[in-house]
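Presented below is the structure to which this report refers.
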Amino acid sequence: MENMRDKLFYEQKNGYDRIGTEERIKVEEYCREYMDFLNEARTEREAVRYAVTKAEKLGYRAFQPGEMLNPGDRVYRVNRGKALMLAVIGKESLEQGAVIAGAHIDSPRLDLKQIPMYEQDELCYLRTHYYGGIKKYQWVTIPLELHGVAALKNGETVEICIGREPGEPKFVITDLLPHLAQDQMKKTMAEGITGEGLNILIGSIPYADDGKDRVRLAVLSLLNDAYGITEEDFLSAELTAVPAFDVCEIGLDRSMIGGYGHDDRVCAWAELKAMFDLETPRRTCVCILADKEEIGSEGVSGMQSSAFDCFMEDLCEAQHVALRRCLENSFCLSADVSAAFDPLYPEVSEKRSESKLNYGLAICKYTGARGKSSTSDASAEIVGYLRGLFEREQVIWQMAEMGKVDQGGGGTIAKYMANRNIDTIDAGVPVLSMHAPFEVVSKFDCYMTYKGILAAYRD
Ligand code: MN
Ligand code: MN
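Quick note, in the working numbering, the sequence shown goes up one by one and the last residue is 459.
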């Protein structure tokens, strides 16, 4: 009987029961580098900069259209400072297709409005417009830091970053004390904190004169001293408030990582690291770090933009290959996080179908919502291919689904890749508290995601 069970049942095992000490050490080594990346890359612009600096040290060069490309060449293209594409040219022609992994480097956050600053009762604030799907109540009473750029009329761009370095001041959105929150506490969680209420406290000392808005004036004078900007420069600024928590290990066993922006920098790093560790592959390997996924992959730096097709076409032209031939023979891992099963909230999940912490890389055949609406729904053949590949390469993986049927849902860049006639499937790291200011992942799953992407690149 036991034999029959072993043969016929599909049973999953905790990943830690399936690896030895040697691989455990690799998990730790891998995660140390990832934690450094996550600490440094708080916005898409910072992620691009971090990645390009590392890539150039490893021999990647900015790719110019018309350049010749040979197997083993390493090239990249930055899309407007906010998205990045890298390629390692394979031994086979691009006519055989490319192996693509695509993650996004934008995360939910609070963007400043274009006229953000105001003073109320001698305190100075910045108004925000949140970016991506957030639970607004999670963003009050936590330390925040400011990141971004101001583009000046003369064409110069001023980099602004306040609160990241030790000793720098941080910012906060205040909340009502429980003593006086009787009315607030009766509201729903969606209504308790409003979008227009997410105003960041930035100063309280008045400027030494006797006009109006003296605190605002004093704050502007500090900004002017530090960055040379005036209030008008906010009109053409992209400034964003992100949680000021440092990335850290979670648990007595240190098995997890807590931090802001695991979604989706945890997969972005897995792709990058896999690219960096790659020898000359059989097929050309492409790594995408996309922007704007959290708001629907829109815009010039999102995956709906033809910036990707343009890069691929330039690569194809270097080998006299038609782009459409390359795309139809390509394979894409849409590397994005999945919703991990949370034992504190079992009611939203159908447990057996959900991804779990420490069970490895989570493959999601379909995302979407309400009857698989808005998903590219990868084919059985693609899942079958990955089963074979991951078994050969000893990648520990699991199947994932986002919650119970009709409970909610979500999307990734997968459908925009599939719409391009590329076989695409979602794969990534399970996350607890996804989209919260402080998200949690398991080190084991981070490492297996890297290992899985590397296996696909090498195949
Ligand atoms: Mn994501
Ligand atoms: Mn997301």
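Where is the CB? At the ideal position from N, CA and C, for every residue including glycine.
Quick caveat: nothing in here was measured; it's all calculated off a predicted structure.
Proximity to Met312 across Glu22, Glu95, Tyr118, Glu56 peaks at Glu95, based on C-alpha coordinates. Assignment of Lys7 by DSSP, reduced to helix, strand and coil, places it in the helix class. By the rule of a C-beta closer than 6 angstroms to any heavy atom of ligand 2, the residues picked out are Asp263, Glu294, His435. Distance from the CA of Ala62 to the CA of Glu350, rounded to the nearest whole angstrom, comes to 46 angstroms. A distance criterion of 7 angstroms places the beta-carbon of Val440 beyond contact range of ligand 1, judged by its closest non-hydrogen atom.
Just measuring C-alpha positions, the residue of Ile89, Met68, Leu84 sitting nearest Arg74 is Ile89. Residue nearest to Ile396 within the set Asp445, Asp426, Pro430 is Asp445 (criterion: CA-CA distance). Inter-residue distance for Phe276 and Cys124 is about 45 angstroms (C-alpha atoms, whole angstroms). In this structure, ligand 1 has no non-hydrogen atom nearer than 7 angstroms to the beta-carbon of Thr375. Look at Met256 here: in three-state DSSP terms it is strand. Counting along the chain, Gly148 sits inside the beta strand (DSSP E) bounded by residues 144-151.
By the Cβ rule, the stretch 222-229 does not count as touching the stretch 413-426, because fewer than three pairs are nearer than 8 angstroms. DSSP, read as helix, strand or coil, puts Thr284 in strand. Here the distance from the Cβ of Asp336 to the nearest heavy atom of ligand 1 is below 7 angstroms. Between Thr141 and Val99, the gap from beta carbon to beta carbon reaches 8 angstroms or more. Shortest gap from the CB of His147 to any heavy atom of ligand 1: 7 angstroms or more. The beta carbon of Gln319 sits closer than 6 angstroms to the beta carbons of Ser93, Leu94 from its chain, once the five residues preceding and following it are set aside; these are given in chain order.
Counted as a single uninterrupted DSSP element, the stretch harbouring Val99 is not any alpha helix (DSSP H) but the beta strand (DSSP E) occupying residues 98-104. Taken in chain order, the unbroken stretches of beta strand (DSSP E) that lie wholly in the stretch 161-222 and span 3 residues or more are 200-203. Secondary structure note for Glu238: its beta strand (DSSP E) is the uninterrupted segment 237-243. Using a C-beta cut-off of 8 angstroms, the stretch 238-248 makes no contact with the stretch 209-217, since fewer than three inter-stretch Cβ pairs fall below that distance.
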